[in-house]
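**Q**
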Amino acid sequence: MVCGGTGCSGSQGEALLDNLNLELEANALENDIHVVKAGCFGLCSTGPNIKIIPGNVIYTGVKPDDAKEIVSEHIMKGRPVERLLFTDPLTKKKLTTEKELSPFRKQLRLVLRNCGVIDPGNIDDAIAHDAYAALSMALTEMKPADVIKIIKDSGLRGRGGGGFSTGLKWEIAAKNKSDEKYVVCNADEGDPGAFMDRSVLEGDPHAVLEAMAICGYAIKAAKGLIYIRAEYPLAVARLKTAIEQAREYGLLGKDIMGSGFNFDIEIRYGAGAFVCGEETALIHSMEGLRGEPTVKPPFPAESGYRNKPTNVNNVETFACISPIILKGAEWFSSIGTQKSKGTKVFALAGKINNVGLIEVPMGTTLREVVYDIGGGIRNGRKFKAAQTGGPSGGCLTEKHLDTPIDFDNLIEAGSMMGSGGLIVMDEDDCMVSVAKFFLDFTVEESCGKCAPCRIGNKRLYELLDHITKGKGTPADLDRLKNMCLVIKDTSLCGLGQSSPNPVLSTLENFKDEYDSHVTAKKCPAGHCKDLMEYFIISANCVGCTACARVCPVGAITGERKEPHVINPAICIKCGACKEKCKFDAIIIQ
Amino acid sequence: MEKVKLTIDNKPIEIPKGTTINKAARQLGIEIPTLCYMQLHDLNIENKPAGCRICVVEVQDRRNLAPSCATNCEEGMVIKTHSTRVLNARRTVMEFILSDHPKDCLICPKSGNCELQTMAHQLGIREIPGEEIASTSTYRKDTSPSIIRDLDKCILCRRCEMMCNTVQTVGALSAINRGFMATVAPAFEQNLEHSTCTYCGQCVAVCPTGALTEVDHTPDVLRALADPAKTVIVQTAPAVRAALGELFGMEPGTLVTGKMVTALRELGFDYVFDTDFAADLTIMEEGTELLDRLKRHLNGDRSARLPILTSCCPGWVNFFEEYYPDLKDIPSTAKSPQQMFGAIAKTYFADKINVSRKDLVVVSIMPCLAKKYECQREEFSSDGNRDVDFSISTRELAAFIKQANIDLNNLKNGEFDAPLGESTGAGVIFGATGGVIEAACRTAYEIFTGKKLERIDFTELRGLEGVRAATIDFDGLPLNIGIAHGLGNARNLLDEVRSGRSQFHAIEVMACPGGCIGGGGQPLHHGNSEIIKARAAALYNEDRGKPLRKSHQNPFIIKLYEEFLGKPNSEKAHHLLHTKYFDKKKKIIVKQ
Amino acid sequence: MPKIKSPAELSKHKTEVLERIYGKEKIRIRVHMGTSGQASGAKTIYNFFRQELEKRNIEATVISSGDMGYSFAEPTVEVKLPNEEPIVFGYVDKLKADEIIEKYIKNGELIDGILPANYRSI
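Chains as they are written, first to last, in our numbering: chain A, 2 to 590; chain B, 228 to 819; chain C, 767 to 888.
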């Protein structure tokens, strides 16, 4: 099995594959042994890698020329090729099998531990994978204060975007005395392209239910509410089944496992407003009010749902709880960086080969995420930037590729962790347009309550649009920046306070691109339609008339076998001619 | 009480914990500008959505600016209210707001009385950067019988929403749509007319801009006055005289009864009458009905339901028709003073001066916007001719007087015309919360007991408490009186009545906080409840100064019964002065 | 289903279900059927495996589970043969599913499109 990931294919994987086939043929083994191309092994830095089954022996850093030795030694004689085995950098020990190699993989599945593993519709399968063991342990062996302490000590920080200490949050909610308290799970995942929470709820719903019950025990709440968007029908269905099954087993409800602790969970549906991911807006939405935020303080931990102390955590945060209880705070805090513990799930999207969900320990670098796990940039293009934190975040550039990703480093780099969306951009992406794209989203999703967010974001969008149309002036850039700063400074909730981030961070990292739009009136990435002009190089044009025939507006003229000309006044820049031209005669200026 | 120490603009202050930065600053003489914020002290109403972000201040070590209206003072805070960061933010936010606001101030009904206009001036905004590329949010204009909604001018201060939902519990207005298109409207953006709106006009009274205004009937009145074929008479509600002066620079609480009469006469009205006369008439009818029901009830007649509810407030009538149609046989059937006046004017008085009802135009000056709707109700017209043709508000009257170059300040006091201009002190106090029931008690007591009422001032019925209860001794019979002003308070009393827990014999309800003096058509008080108190005091003063203070003593009322109506609750009185109520529980009609 | 009334009962139940579900080595197929998987046609693949395995007289358990996160290669299917490491196949359509049954499940023969376990788990 040869790794066919982009990383390995790039490092002569293809040639290796061919050589292996040739060697097998030469030894007349082609019918007994199959060489197959597989996906990424997750050990890209040492690629190309191959794995030989049976035996599961993995060779790393294999060159095409090594094919001969592998076939003659390993396959014919059954002797491993020592020099191609992976060496543990610490112990200098040679490692052979997948199991031994696993610690050197970039991804670590903690939150996603059961996703794709268990049947989410079968609570027994979940229990077989340790579901409710942590709850059982908490109820019998720990006092509520112990639970809070272990969560605090673990260093777990909220995965919804804010990064506030989860243990501290629980502690505050626990301290506020009230006859009723609530545990709320925020499953209103709204960042464009992000689906971490959805995957957890679809793949491992019991992880969240159990964690909510543990939280309820810790803060003395008897009621849990899951606020989930109705656009997640599958997640809703699986949650419903999971709740029913947990109730049947008495793992939710009255007197759980004979402990005297009561806890039950209800599902509440959101209509998909992005702002309802903000906890006060979420609570108002659950109360049947308009989903819009209110000023904090009071924080939900003091006065939340129905004015009772309420602890709101995100799905991914809850999914970390049971392992922490079972394996201890020390274990959890051994993963990650000094101030950001554990793992983070990212939804890779954009111009990257392996789009999808990944989970890495905090402190993994952007380079590892993009190249080793993500398989690099599509079509071999050059990496330009990665947007983290969705519409509230900023972009990371080439200079940030080796920065370990954690809460604080991202903020320092002018972005934020956010909920875990990671959109990769390549050299063909115009950063002004990227900022405009995110603003378009924020303008749509602002609740409209406060003036800077309601009107200011619209004005930002309009100005960016103006600039991408080549109508901006250098003075507009100053105004753009001032508007950004004021919107951040004066908006009521996190949405408005962070919505200018994509503009500010692209303005900071790609100032030249903005300058080019407002001074030379050119879009360096060749993305902004209004700033480009299609042009025929007469020397290359053979006068085949293909372009003139395909032009939908008749902008191209010229005699047969004579160079053609595009009339820019008529051209609508659809690009059809360029696509049609076989002689590379049409260029964009 | 725990106190905290902090400094604002380098001035130290010690203040009770829980005080907002804005209020603390005011104590230091620092007035932080606010736009969406509004407070009605005595009514316990505070609107602070923290949405406009004009009142932001810089708090040391805080990441972002803090809205001073909604941020509490904390120990050791160092606050700057006018740092360059604050001033730049405030100006930029104001520019944002103005960039999405029509600039038609010249013809805006709120011009000169617009808080946004004032604030723009105060902040010295002279241009709106980027205006040329700024789109604006535009909405369908909606005109109802009383209120015009022009949401292009809405700045989302949410005051109307707060009045409509929290105070009045009417639930007609709430924020809809998202982002740039967010605005305040009835559900599904239906017209106000198809919503649960009661036309109480409290939304109009608090709107800082021209987004919510009244339907102006002054042009209709002017047309009638200009028509030589028409005899135009006018009636003025009690609350108007206590507030009109404010629009001519007078102190709140200045009574301008005489000057107002002169002004109306100068405007060309043929007869200037007083709604107070009709108020006295209302007491005769309503008081008799109360005693009748009370006596039957005491005699064990189960069909005589108590409590009896007053019915002179049209906003209140709309409210129970909408929300309590099951209780529609409980309110008094007596028409409101405005409509009683109209009914008598177009019959008794028209006959007296020998003018046909179609040539007689009755105009009312009201502190109220619901009165505009009331006079348009079908049951208050005869062959398509309304009993009251036009109702204009105190504000519209002031504008009308100004248009006619009349300086109210320099007018001599005039007298109301006879016969519909004479009133007792009981009619005057109709304008304040508790006044109707006090007036009713004065008359009902004497009729019920047959004794002279010595203590005329029922001070226990007065005040600004939202719900008040008092027991009046009717010579051995303890009469339990309930009073509510503001529809939210009324709802509480009504719920008790519905559940059968109410111990009251009679309940007075006024839709507007403070009663008519705080009506939706009055000069804008911008949330200052001291003004409402001053207006109430003015009415009670006028009452005290009147020689006659009980409705049944009004000689013209006595004469009216002798010449025309017979006796209270007679068949003729029933025909002219009583009405019935309808189940108006709304079905949602969405019209675009 | 009887209620689990104590922690002891929970661990007892766990032992029971482990034995019941995983005690016997058998062919186990997990079709990853989260939203991403279903959007790419995982349901068809799930049904295909159920019907075809029965038709072809192969005893196997087919489970629908959540997604693995390999959105780029959906639908994905994990096949665990007795006493073998589980193997995940990506880009599974009916043709590929047929190949998986005929070549890998029947003969243990590897085919293209394998997504090796590129992660570790706690």
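By construction, the Cβ of each residue, glycine as well, lies at the ideal position given by its N, Cα and C atoms. For clarity, every value in this text was computed on a predicted model and none was experimentally measured.
Can you have a look at residue 332(A) and say buried or exposed, based on whether 16 or more other CB atoms are within 10 angstroms of its CB?
**A** Taking the first residue of the first sequence as position 1, residue 332(A) is located at position 331. Exposed, since its Cβ has fewer than 16 Cβ neighbours within 10 Å.
**Q** Starting from residue 723(B), trace the alpha helix (DSSP H) both ways and give me its first and last residue.
**A** By one-based count along the second sequence, residue 723(B) stands at place 496. Its alpha helix (DSSP H) spans residues 714-726.
**Q** Residue 379(B) by DSSP, collapsed to three states: which one?
**A** Working through the second sequence from its first residue, we reach residue 379(B) at position 152. Correct three-state label for residue 379(B): helix.
**Q** Mind checking residue 77(A): buried by the 16 CB within 10 Å criterion, or exposed?
**A** Working through the first sequence from its first residue, we reach residue 77(A) at position 76. Exposed.
**Q** Going by CA-CA distance only, name the one from 133(A), 299(A), 252(A), 316(A) that's closest to residue 327(A).
**A** Position 326 of the first sequence, counting from 1, holds the residue named residue 327(A). The option with the nearest alpha carbon to residue 327(A) is 133(A).
**Q** Answer yes if the segment 574-582 of chain B comes into contact with the segment 338-353 of chain B, meaning at least three C-beta pairs across the two stretches below 8 Å, and no otherwise.
**A** In short, these stretches do not touch, since the Cβ pair count stays below three.
**Q** Give me the subset of the segment 452-479 of chain A whose CB atoms are less than 7 Å from a CB atom of chain B, sorted by chain position.
**A** Residues 452, 453, 455, 456, 457, 459, 460, 463, 464, 467.
**Q** For residue 341(A) and chain C, any beta-carbon pair shorter than 8 Å?
**A** On the first sequence, position 340 is the one that residue 341(A) refers to. Not an interface residue.
**Q** Output the boundary residues of the alpha helix (DSSP H) element that contains residue 517(B).
**A** Position 290 of the second sequence, counted from the first residue, corresponds to residue 517(B). Note, residue 517(B): alpha helix (DSSP H), 502-525.
**Q** Starting from the Cα of residue 775(C), find the closest Cα among 260(A), 16(A), 300(A) and give me that residue.
**A** Counting from 1 along the third sequence, the entry for residue 775(C) is found at position 9. Comparing Cα-Cα distances from residue 775(C) to each of 260(A), 16(A), 300(A), the minimum goes to 260(A).
**Q** List the endpoints of the continuous alpha helix (DSSP H) containing residue 239(B).
**A** Counted from its first residue, the second sequence places residue 239(B) at position 12. Where residue 239(B) is concerned, there is no enclosing alpha helix (DSSP H), although the beta strand (DSSP E) it sits in stretches over 238-243.
**Q** If I'm right that residue 140(A) touches residue 258(A) with Cβ under 8 Å, what's the distance once you round it to whole angstroms?
**A** Here the question's residue 140(A) lines up with position 139 in the first sequence. Here the question's residue 258(A) lines up with position 257 in the first sequence. Correct: roughly 6 Å between the Cβ atoms.
**Q** What residues match up with residue 370(B) in a beta bridge as DSSP calls it?
**A** Your numbering for residue 370(B) matches position 143 in the second sequence. Residue 370(B) is bridged to 375(B).
**Q** Tell me residue 826(C)'s beta-bridge partners as DSSP assigns them.
**A** By one-based count along the third sequence, residue 826(C) stands at place 60. 793(C).
**Q** Are residue 371(A) and residue 358(A) closer than 8 Å when you measure CB to CB?
**A** The count along the first sequence starts at 1 and reaches residue 371(A) at position 370. The count along the first sequence starts at 1 and reaches residue 358(A) at position 357. No.
**Q** Write down every uninterrupted run of the beta strand (DSSP E) in the segment 827-878 of chain C whose length is 3 residues or greater and which is fully enclosed by it, in chain order.
**A** Those beta strand (DSSP E) runs which fall completely within the segment 827-878 of chain C and span 3+ residues are 843-846, 853-855.
**Q** Could you give the uninterrupted runs of the beta strand (DSSP E) lying entirely in the segment 456-495 of chain A, keeping only those of 3 residues or more?
**A** Runs of the beta strand (DSSP E) inside the segment 456-495 of chain A: none found.
**Q** Give every residue of the same chain whose Cβ lies closer than 6 Å to the Cβ of residue 806(C), excluding the five residues on either side of it in the sequence, and list them in chain order.
**A** Your numbering for residue 806(C) matches position 40 in the third sequence. Correct list, in chain order: 840, 841.
**Q** So if I threshold CB-CB distances at 9 Å, which residues from the segment 427-456 of chain A count as touching chain B?
**A** Under the 9 Å Cβ criterion, the segment 427-456 of chain A contributes 443, 444, 445, 446, 447, 448, 449, 450, 451, 452, 453, 454, 455, 456.
**Q** Cβ closer than 9 Å: which chain B residues qualify as neighbours of residue 352(A)?
**A** Here residue 352(A) refers to the residue found at position 351 when the first sequence is read from its first residue. Those within 9 Å of residue 352(A) in chain B number zero; the least Cβ separation is about 29 Å.
**Q** Using a Cβ-Cβ cut-off of 8 Å, state whether residue 518(A) counts as contacting chain C.
**A** On the first sequence, residue 518(A) is found 517 positions in, with the first residue counted as 1. Residue 518(A) does not count as touching chain C.
**Q** Starting from residue 291(A), find everything on chain B with Cβ-Cβ shorter than 9 Å and list it in chain order.
**A** The sequence position of residue 291(A) within the first sequence is 290, counting from 1. Under the 9 Å cutoff, chain B gives 401, 402, 403.
**Q** Cβ of residue 489(A) less than 8 Å from any chain B Cβ?
**A** Here the question's residue 489(A) lines up with position 488 in the first sequence. So, interface residue.
**Q** Interface residues of chain C around residue 2(A) at Cβ under 8 Å?
**A** Here residue 2(A) refers to the residue found at position 1 when the first sequence is read from its first residue. The contacting residues are 876, 880, 882.
**Q** With a Cβ-Cβ cutoff of 8 Å, do residue 95(A) and residue 86(A) count as a contact?
**A** By 1-based counting over the first sequence, the position of residue 95(A) is 94. By 1-based counting over the first sequence, the position of residue 86(A) is 85. Against a cut-off of 8 Å, the Cβ pair of residue 86(A) and residue 95(A) comes out as a contact.
**Q** Excluding the five sequence neighbours on either side, which residues of its own chain have a C-beta within less than 7 Å of the C-beta of residue 431(B), listed in chain order?
**A** Counted from its first residue, the second sequence places residue 431(B) at position 204. Closer than 7 Å at Cβ, skipping near neighbours: 374, 439, 440, 441, 596, 747.
**Q** Does the beta carbon of residue 862(C) come closer than 8 Å to any beta carbon on chain A?
**A** Reading the third sequence from its first residue, position 96 is the one you call residue 862(C). For residue 862(C), the answer is no, since every Cβ of chain A falls outside 8 Å of its Cβ.
**Q** If we cut at 8 Å on Cβ distances, does residue 564(B) have a partner in chain A?
**A** Numbered from 1 along the second sequence, position 337 holds the residue referred to as residue 564(B). Not one chain A Cβ lies under 8 Å of residue 564(B).
**Q** Distance, Cα to Cα, residue 543(A) vs residue 582(A)?
**A** As a working note, residue 543(A) is residue 542 in the first sequence. As a working note, residue 582(A) is residue 581 in the first sequence. Cα to Cα, residue 543(A) sits roughly 10 Å from residue 582(A).
**Q** Can you give me the C-alpha to C-alpha distance between residue 318(A) and residue 212(A), rounded to a whole angstrom?
**A** Indexing the first sequence from 1 puts residue 318(A) at position 317. Indexing the first sequence from 1 puts residue 212(A) at position 211. The alpha-carbon atoms of residue 318(A) and residue 212(A) are separated by roughly 9 Å.
**Q** Excluding the five sequence neighbours on either side, which residues of its own chain have a C-beta within less than 7 Å of the C-beta of residue 563(A), listed in chain order?
**A** Numbered from 1 along the first sequence, position 562 holds the residue referred to as residue 563(A). These residues qualify, in order along the chain: 544.
**Q** By the 7 Å beta-carbon criterion, what residues does the segment 557-573 of chain A contribute toward chain C?
**A** Within the segment 557-573 of chain A, no residue qualifies.
**Q** Starting from the Cα of residue 451(B), find the closest Cα among 695(B), 801(B), 347(B), 618(B) and give me that residue.
**A** On the second sequence, position 224 is the one that residue 451(B) refers to. Residue 451(B) has its Cα closest to that of 618(B), out of 695(B), 801(B), 347(B), 618(B).
**Q** Can residue 565(B) and residue 501(B) be called in contact, C-beta distance under 8 Å?
**A** Here the question's residue 565(B) lines up with position 338 in the second sequence. Here the question's residue 501(B) lines up with position 274 in the second sequence. No, these two residues do not count as a Cβ contact at 8 Å.
**Q** Apply the 10 Å Cβ neighbour rule to residue 798(B) and answer buried if 16 or more other Cβ atoms are within range, or exposed otherwise.
**A** Taking the second sequence and counting its residues from 1, the one referred to as residue 798(B) is at position 571. Classification of residue 798(B): exposed, given that the 10 Å Cβ count is below 16.
**Q** Taking residue 141(A) as the query, report the chain C residues whose CB atoms sit under 9 Å from its CB, ordered along the chain.
**A** Start at 1 with the first residue of the first sequence, and residue 141(A) comes out as number 140. The answer, in chain order, is 772, 773.
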